[in-house]
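**Q**
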Amino acid sequence: MQIGELFKKNLKYIELSAKAGEDREERVDSELPSIPDNLFIKCPSCGEKLYTEEVIENLNSCNYCDHNFRIGNVNRLMIIADEDSFEEMDKNMTSVNTLDYPGYLEKIQGYQKSSGITEAIVTGTCTIDGVKVVIGVMDSNFMMGSMGSVVGEKVTRAIEKATQEKLPLIIFTASGGARMQEGIISLMQMAKTSSAIKRFSDAGGLYISVITDPTTGGVTASFAMLGDIIVGEKGALIGFAGKRVIEQTIKQKLPEGFQTVEFLQEHGFIDTIVARKDMKKLLSRILILHQEVEDDN
Amino acid sequence: MTIKEKERKIEELKLKINELKLMESNEKIDFTDQIKELDTKIKDMEKRIVNEMTPWDRVLVSREQKRPSSLEYINEIFDDFIEFHGDRYFGDDKAIVGGLASINGMNVTVVGEQKGTDTKDNIYRNFGMPTPEGYRKALRLMQQAEKFNRPIVTFVDTPGAFCGVAAEERGQGEAIAKNLMEMAGLKVPVLTFITGEGGSGGALALAVSNKIYMLENSIYGVLSPEGFASILWKDGTKAQEAADVMKITANDLLSLKVIDGIIEEPVGGAHKDFIKVAGRIKEVILRELKELQLQSQEELLDHRYARFRAFGEFE
Ligand SMILES: [Zn+2]
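Chains as they are written, first to last, in this note's numbering: chain S, 18 to 314; chain C, 2 to 316.
Structure representation (structure tokens):
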């Protein structure tokens with residue numbers, strides 16, 4: 018199905034993120050909320066009482082403070098890609114149980130049912146205000162967006178396609194880190210994706226990485242932090258180690274706002290931060306500023 | 002009998018042999034048969050230790066305080082090692098060491114993760130857990146090697162990259178990511194030895210290499226068994242069971258093609274005969290560098306790319 022069709026279908030009913038605290042087996046420790054199935058919700062950031070419907074119309078963010086509720090990759094593509102422009106790659110690629118970890122495939126099937134997607138990332142091509150790009154969008158609804166063989170392979174194929182077709186590459190990251198059930202093979206995906214980015218970069222390709230909530234662990238320590246331009250979505254969690262692990266190490270509570278894109282921008286690692294509603298415009302401006310100017314001579 | 006108990010028993014038997022030999026020479030009695038018998042017993046017991054080692058036993062050996070550290074290997078294996086410090090941005094991480102050295106007349110750059118040799122040293126070395134500065138120092142030295150066309154040899158021995166506030170502030174994720182990316186593009190041979198713990202991204206950041214070898218009792222995994230158990234089973238005490246399913250031993254990783262070879266250790270671990278183990282590593286370095294240096298830059302890069310490109314199974 019084209020995203021455009023989904024867009025029409027889903028305009029009234031927008032699928033909402035998995036409830037915080039559910040299936041929190043991966044490495045993310047943040048207590049980030051999602052929208053409950055109620056008429057009203059309270060913004061966890063500014064405390065305002067919001068109409069759920071208004072929040073949905075506002076791209077799942079708060080009308081007052083631009084706080085972003087987590088969204089899945091279908092919604093993300095609806096916001097970013099030009100209508101009907103998305104063409105998915107490797108749509109049906111799914112995991113196998115390389116290490117024979119008990120119950121892994123059942124778990125995958127469970128997530129496929131509950132989230133309606135086959136893996137923690139969709140990749141493909143689309144246009145953004147008319148500019149063609151290769152795009153990848155991770156989805157934390159699927160096993161906390163953890164990276165195993167499928168995520169690593171889809172990302173690598175997307176990078177290789179961008180390299181071959183000389184297209185800009187945009188990846189929206191959202192991940193709890195490595196897919197534990199795939200053990201060392203999930204670790205190797207970090208090297209695989211980073212090696213592909215090296216080749217893409219050497220070939221002159223533009224890679225914009227967009228950090229969305231939450232991005233941690235092996236994804237942070239590989240392609241999320243390798244963008245030529247690293248964009249943060251307002252308020253998104255970004256870090257290497259999980260909060261709990263750090264608190265255990267230093268034996269004290271971490272300060273408010275630690276490991277947000279704002280925090281890492283202050284420390285020099287994020288180029289720019291935007292609200293969700295301004296994301297497409299920003300990407301489009303960056304893309305246009307990378308287009309070669311026609312030479313008059 | 003646990004491994005430690007068996008080891009103690011072996012020591013006892015060895016002492017007994019020495020006593021018998023002493024008596025033989027002092028009192029002119031022939032104990033040849035008895036000594037032979039004891040010797041067989043020792044061999045038997047050693048074999049049983051090796052055969053009965055569980056993955057968890059190897060985890061314990063890999064973390065053994067007496068296990069030789071990277072600097073010990075470097076000083077034993079290479080001639081004229083000069084240590085260089087600092088990342089040229091912020092500081093000098095003590096959990097990663099590196100510098101210039103030579104081996105049989107060949108100049109190389111060596112980089113290794115460094116644990117402490119005692120408690121005090123361990124605090125100084127941050128227990129072998131590098132900060133971003135360490136990875137940036139490593140990358141600086143590796144890129145220097147590339148500039149002067151020297152092969153690179155790295156030693157991996159870390160529980161993992163350091164998880165602390167300062168490490169996050171200075172971009173631990175970015176530092177590791179940058180190493181993965183830039184190592185993929187190094188135009189010189191890169192050879193890695195995992196000598197102790199290969200803890201996750203913190204280990205991988207020195208191991209995007211053409212060839213990777215592991216010591217027999219070292220481990221390499223996506224996470225520590227404790228961390229794995231606490232994430233997947235919400236119970237950090239189930240680390241032994243985690244070690245069983247994680248496929249972190251040298252044999253497992255050889256069959257998964259994560260590594261290219263295993264370096265044998267003496268019974269009980271590398272610290273029982275450090276010189277012998279260092280000698281075996283040296284042999285591998287000489288053999289591998291000889292082969293890798295026959296490859297063109299393009300071949301080296303393609304080889305490294307293909308190696309990591311191949312990881313992953315899917316339908
Ligand atoms: Zn708000």
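The C-beta atom is built at its ideal place from N, Cα and C for all residues, glycine as well.
Pick helix, strand or coil for residue 296 of chain C, following the three-state DSSP scheme.
**A** DSSP places residue 296 of chain C in coil when its eight states are reduced to three.
**Q** Less than 8 Å between the C-beta atoms of residue 270 of chain C and residue 214 of chain C, yes or no?
**A** Not in contact: residue 270 of chain C and residue 214 of chain C (Cβ atoms no closer than 8 Å).
**Q** DSSP three-state call for residue 116 of chain S: helix, strand or coil?
**A** Residue state, collapsed to three classes: coil.
**Q** For ligand 1, is there any heavy atom lying closer than 7 Å to the beta carbon of residue 81 of chain S?
**A** Yes, since a heavy atom of ligand 1 falls inside the 7 Å radius drawn around the Cβ of residue 81 of chain S.
**Q** For residue 108 of chain S, which three-state DSSP category applies?
**A** Residue state, collapsed to three classes: coil.
**Q** With the cut-off set at 8 Å, would you say residue 110 of chain S and residue 312 of chain C are in Cβ contact?
**A** Against a cut-off of 8 Å, the Cβ pair of residue 312 of chain C and residue 110 of chain S comes out as no contact.
**Q** Taking only runs of the alpha helix (DSSP H) that begin and end inside the segment 170-234 of chain C, which ones reach a length of at least 4 residues, in chain order?
**A** As far as the segment 170-234 of chain C is concerned, its whole alpha helix (DSSP H) runs of at least 4 residues are 173-185, 201-205, 226-233.
**Q** What does a CB cutoff of less than 6 Å around residue 132 of chain C pick up in its chain, not counting 5 residues either side in sequence?
**A** If we look at residue 132 of chain C and ignore the five residues flanking it on each side, its Cβ neighbours are 94, 163, 168.
**Q** Name, going along the chain, the residues of the segment 248-262 of chain C whose beta-carbon falls closer than 9 Å to a beta-carbon of chain S.
**A** Within the segment 248-262 of chain C, the qualifying residues are 248, 249, 253, 254, 257, 259.
**Q** I think residue 211 of chain C touches residue 301 of chain C, with their Cβ atoms under 8 Å apart; what is that distance to the nearest whole Å?
**A** Between residue 301 of chain C and residue 211 of chain C the Cβ distance is about 6 Å, and since that is below 8 Å, they are a contact.
**Q** Using 7 Å as the cut-off, classify the Cβ of residue 71 of chain S as near or not near the heavy atoms of ligand 1, replying yes or no.
**A** Not under cutoff, so the answer is no.
**Q** The beta strand (DSSP E) that contains residue 301 of chain S, what's its start and end?
**A** Per DSSP, residue 301 of chain S belongs to no beta strand (DSSP E); it is in the alpha helix (DSSP H), 293-306.
**Q** Which residue spans inside the segment 194-260 of chain S form an unbroken alpha helix (DSSP H) run of at least 4?
**A** You should have 200-219, 234-237.
**Q** Rank C:275, C:307, C:220 by C-alpha distance to the C-alpha of residue 64 of chain C and give the top, closest one.
**A** When only C-alpha atoms are compared, the closest one is C:220.
**Q** How far does the beta strand (DSSP E) with residue 102 of chain C in it reach, from first residue to last?
**A** Unbroken beta strand (DSSP E) run through residue 102 of chain C: 97-104.
**Q** Counting Cβ pairs, one atom from each stretch, are 3 or more of them under 8 Å apart for the segment 183-199 of chain S and the segment 209-224 of chain S?
**A** Short answer: they touch.
**Q** Beta-carbon within less than 8 Å of residue 34 of chain C's beta-carbon, same chain only, minus the 5 sequence neighbours each way: which residues are those?
**A** Here the set comprises nothing.
**Q** Since residue 230 of chain C contacts residue 237 of chain C with CB under 8 Å, what's their CB separation in whole angstroms?
**A** About 5 Å separates the two Cβ atoms, so the contact holds.
**Q** Could you pull out every residue in the same chain whose Cβ sits closer than 8 Å to the Cβ of residue 21 of chain C, ignoring the five residues on either side in sequence?
**A** Within the same chain, residue 21 of chain C has close Cβ partners 32, 35, 36, 39.
**Q** Measure the C-alpha to C-alpha separation of residue 4 of chain C and residue 286 of chain C and round it to an integer number of angstroms.
**A** Roughly 31 Å separates the two Cα atoms.
**Q** State the DSSP-derived secondary structure class of residue 155 of chain S, mapped to helix, strand or coil.
**A** Note: residue 155 of chain S maps to strand in three-state DSSP.
**Q** In this structure, how does DSSP classify residue 81 of chain C when only helix, strand and coil are distinguished?
**A** DSSP places residue 81 of chain C in strand when its eight states are reduced to three.
**Q** Assign residue 84 of chain S to one of two classes, buried (16 or more other C-beta atoms within 10 Å of its C-beta) or exposed (fewer than that).
**A** Result: buried.
**Q** Bridge partners of residue 109 of chain C, per DSSP?
**A** Answer is C:102, bridged to residue 109 of chain C.
**Q** Under 8 Å between C-beta atoms, does residue 209 of chain S make it to chain C?
**A** Closer than 8 Å to some Cβ of chain C, the Cβ of residue 209 of chain S qualifies, so yes.
**Q** Using the beta-carbon of each residue, which ones in chain C are nearer than 7 Å to residue 170 of chain S?
**A** By Cβ distance, chain C contributes 313, 315.
**Q** Please list, in chain order, the chain S residues whose beta carbon lies closer than 8 Å to that of residue 92 of chain C.
**A** In chain order: nothing, as chain S lies at least about 15 Å away.
**Q** Which chain C residues sit within Cβ distance under 7 Å of residue 122 of chain S?
**A** Simply none; closest approach about 10 Å.
**Q** As a quick exercise: from S:238, S:209, S:249, pick the residue whose alpha carbon is nearest that of residue 225 of chain S.
**A** That would be S:249, whose Cα lies nearest to the Cα of residue 225 of chain S.
**Q** With 9 Å as the C-beta to C-beta threshold (strictly closer), list the residues of the segment 167-190 of chain C near chain S in chain order.
**A** From the segment 167-190 of chain C, only 168, 169, 170, 171, 172, 173, 174, 175, 176, 177, 178, 179, 180, 181, 182, 183, 184, 185, 186 have a Cβ closer than 9 Å to chain S.
**Q** Say the cut is 7 Å; is the CB of residue 84 of chain S nearer than that to a heavy atom of ligand 1?
**A** Correct: residue 84 of chain S has its Cβ closer than 7 Å to ligand 1.
**Q** For ligand 1, is there a heavy atom less than 7 Å away from the beta-carbon of residue 60 of chain S?
**A** Yes, ligand 1 has a heavy atom inside 7 Å of this Cβ.
**Q** Which bits of chain C does residue 166 of chain S rub up against, with CB to CB less than 8 Å?
**A** Under the 8 Å cutoff, chain C gives 312, 313, 314, 315.
**Q** On a CA-only basis, which of S:153, S:90, S:130 is nearest residue 106 of chain S? Give me that one, please.
**A** Answer by Cα proximity: S:153.
**Q** For the candidate residues C:244, C:299, C:268, whose alpha-carbon lies nearest to that of residue 118 of chain S?
**A** That would be C:244, whose Cα lies nearest to the Cα of residue 118 of chain S.
**Q** Between residue 178 of chain C and residue 281 of chain S, which are expected to be in contact by the criterion C-beta below 8 Å, what is the C-beta distance as a whole number of angstroms?
**A** Residue 178 of chain C to residue 281 of chain S, Cβ: 13 Å. No contact.
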